[in-house]
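For the sequence shown, position 123 matches number 130 in the numbering used here, and the numbering has no gaps at all. For every residue, glycine included, the Cβ atom is placed at its ideal position computed from N, Cα and C. As the structure is a prediction and not an experimental result, all values here were calculated from the model.
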Amino acid sequence: MKMKWKVLCFLAVLILDGFLCRTMYLSYRETKETLFIPADADGEVIDDIRKQFSGEKLVALTFDDGPHSTYTKELLDGLRERGVHATFFLLGENIEGKEDIVKQMQEDGHLIGNHGLTHILMSRENTNQAIIQIEENNKKIQDITGKRPEYLRPPFGYWNDELESTTHMTVVLWNVDTLDWKLQNSRKVVRNIVKQVEPGDIILLHDIFPTSVKAALEAIDTLQKQGYTFVTVEELLVD
Ligand SMILES: [Zn+2]
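Dropping the structure here:
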């Protein structure tokens with residue numbers, strides 16, 4: 008009799024324990040959902056929050072200083088093979104004679120931004136002069152693509168409030184600096200990307216070096232295997 012009761016009690020505890028655990032888990036899940044979603048959040052905010060929990064690993068590759076007649080072309084082919092979209096901040100003085108490459112960027116779904124007409128430190132220039140240069144480059148790009156660029160990356164990230172309030176462009180800097188221009192070594196650049204990258208990052212590269220193009224494509228192959236999805240800066244910022 009004692010043995011029988013012991014077994015019964017043991018079973019009852021097991022069942023009760025299982026029930027409590029399940030209740031606690033469900034309430035934890037509910038708390039987790041309601042904790043991060045404000046009651047007055049609109050659809051877009053809710054989508055943003057859901058994405059944070061969905062484990063989506065989005066990352067944006069950005070290429071400055073191009074286009075380059077050989078290396079940008081190689082890069083575009085490699086990105087197309089891998090189904091990857093990137094962002095190109097074009098230097099106006101490099102565009103002439105490479106209009107086909109700019110067109111291919113647009114046709115392939117990449118985002119085209121402005122890196123200035125020449126590689127000047129915009130914040131150290133007279134503001135009006137800097138704006139004139141920015142607009143001249145916008146026009147160069149628009150003449151080819153039919154679309155005025157909305158995004159700007161100032162060379163070296165040099166920018167100031169006066170420029171910010173005068174131009175109607177969205178300035179995009181970066182948070183992963185690959186130092187590709189300095190290293191010019193694809194193995195080291197790949198390592199810099201893979202070591203530093205986290206979801207939501209904007210990676211800085213330059214498509215005027217063969218080592219940078221090789222590194223970008225190798226890093227894509229590695230990171231795609233880790234579940235990363237490559238998007239344009241616009242998709243990253245809007246999403
Ligand atoms: Zn640059």
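Q. Do you know offhand how far L118's Cα is from V220's?
A. For this step, residue 118 is matched to residue 111 along the sequence shown. For this step, residue 220 is matched to residue 213 along the sequence shown. The alpha-carbon atoms of L118 and V220 are separated by roughly 17 Å.
Q | Per-residue DSSP class, three states only, for F216 | A | If you number the sequence shown from 1, residue 216 lands on position 209. It is coil, neither helix nor strand.
Q: State the DSSP-derived secondary structure class of A222, mapped to helix, strand or coil.
A: For the purposes of this step, residue 222 is taken as residue 215 along the sequence shown, with counting starting at 1. Here A222 sits in helix by DSSP.
Q.
Only counting the same chain, and skipping five residues up and downstream in sequence, which positions put a Cβ closer than 7 Å to that of R155?
A. For this step, residue 155 is matched to residue 148 along the sequence shown. Closer than 7 Å at the Cβ level, and outside the excluded window around R155, lie N145, Q149.
Q | Contacting residues, own chain, Cβ-Cβ under 8 Å from E169 (five flanking each side not counted) | A | Start at 1 with the first residue of the sequence shown, and residue 169 comes out as number 162. Taken in chain order, the residues that qualify are T134.
Q) Which residue comes first and which comes last in the alpha helix (DSSP H) that contains T79? A) Numbered from 1 along the sequence shown, position 72 holds the residue referred to as residue 79. T79: member of the alpha helix (DSSP H) spanning 78-89, first to last residue.
Q | 8 Å Cβ shell around K13 - same chain, five flanking residues per side excluded | A | As a position in the sequence shown, residue 13 is number 6, starting the count at 1. For K13, where only same-chain residues beyond five positions count, there are no Cβ hits under 8 Å.
Q: Keeping to the same chain, check which residues put their C-beta closer than 6 Å to that of G280; ignore five residues upstream and five downstream.
A: Limits of the chain in this structure are 8 at one end and 246 at the other, which puts residue 280 out of reach.
Q) Which residues bound the alpha helix (DSSP H) around T152? A) Along the sequence shown, one-based indexing puts residue 152 at 145. 134-152 is the span of the alpha helix (DSSP H), which, as asked, contains T152.
(Q) Can you look up K64 in the DSSP assignment and give me helix, strand or coil? (A) Taking the sequence shown and counting its residues from 1, the one referred to as residue 64 is at position 57. Three-state DSSP puts K64 in a strand.
Q. Hey, is D156 close to ligand 1, as in C-beta under 7 Å from one of its heavy atoms?
A. Taking the sequence shown and counting its residues from 1, the one referred to as residue 156 is at position 149. According to the sequence provided, residue 156 is Pro. The question's Asp does not apply to it. Checking the Cβ of P156 against ligand 1 gives no.
Q) Would you say F96 and T69 are within 8 Å of each other, going by their C-beta atoms? A) Against the sequence shown, residue 96 aligns to sequence position 89. Against the sequence shown, residue 69 aligns to sequence position 62. Yes.
Q. If you run the structure through DSSP and keep just helix, strand and coil, what is D184?
A. On the sequence shown, position 177 is the one that residue 184 refers to. Note: D184 maps to strand in three-state DSSP.
Q: Classify K147 as buried or exposed, calling it buried when 16 or more other Cβ atoms lie within 10 Å of its own Cβ.
A: The residue you call residue 147 lines up with position 140 of the sequence shown. That one is buried.
Q. Which whole-angstrom value is the C-beta distance of E106 and L124, which I expect to be below 8 Å?
A. Along the sequence shown, read from residue 1 onward, the residue named residue 106 stands at position 99. Along the sequence shown, read from residue 1 onward, the residue named residue 124 stands at position 117. E106 to L124, Cβ: 16 Å. No contact.
Q. Which one of K11, I102, E142 has the shortest CA to CA distance from G73?
A. Here residue 73 is taken as the residue at index 66 of the sequence shown, counted from 1. Minimum Cα distance to G73 is reached at I102.
Q) Which same chain residues, not among the five before or five after F163, have their C-beta less than 7 Å away from its C-beta? A) Position 156 of the sequence shown, counted from the start, is the residue given in the question as residue 163. Answer for F163: L128, listed in chain order.
Q) When the distance is taken between beta carbons, is T177 closer than 8 Å to E157? A) In the sequence shown, residue 157 corresponds to position 150, counting from 1. In the sequence shown, residue 177 corresponds to position 170, counting from 1. For E157 and T177, yes; Cβs fall inside 8 Å.
Q. Can you find a heavy atom of ligand 1 that lies under 7 Å from the Cβ of D72?
A. For this step, residue 72 is matched to residue 65 along the sequence shown. Annotation for D72 indicates a beta carbon within 7 Å of some heavy atom of ligand 1.
**Q.** L65 vs V238 beta-carbon contact at 8 Å
**A.** For the purposes of this step, residue 65 is identified with residue 58 of the sequence shown, where counting begins at 1. For the purposes of this step, residue 238 is identified with residue 231 of the sequence shown, where counting begins at 1. In this structure, V238 lies closer than 8 Å to L65 by Cβ.
Q.
Considering only heavy atoms of ligand 1, does any lie closer than 7 Å to the CB of H75?
A. For the purposes of this step, residue 75 is taken as residue 68 along the sequence shown, with counting starting at 1. The answer is no for H75.
Q. Counting along the chain, where does the alpha helix (DSSP H) carrying L200 start and finish?
A. Start at 1 with the first residue of the sequence shown, and residue 200 comes out as number 193. In the sequence on display, residue 200 carries Ile and not Leu. Here the alpha helix (DSSP H) through I200 covers 193-203.
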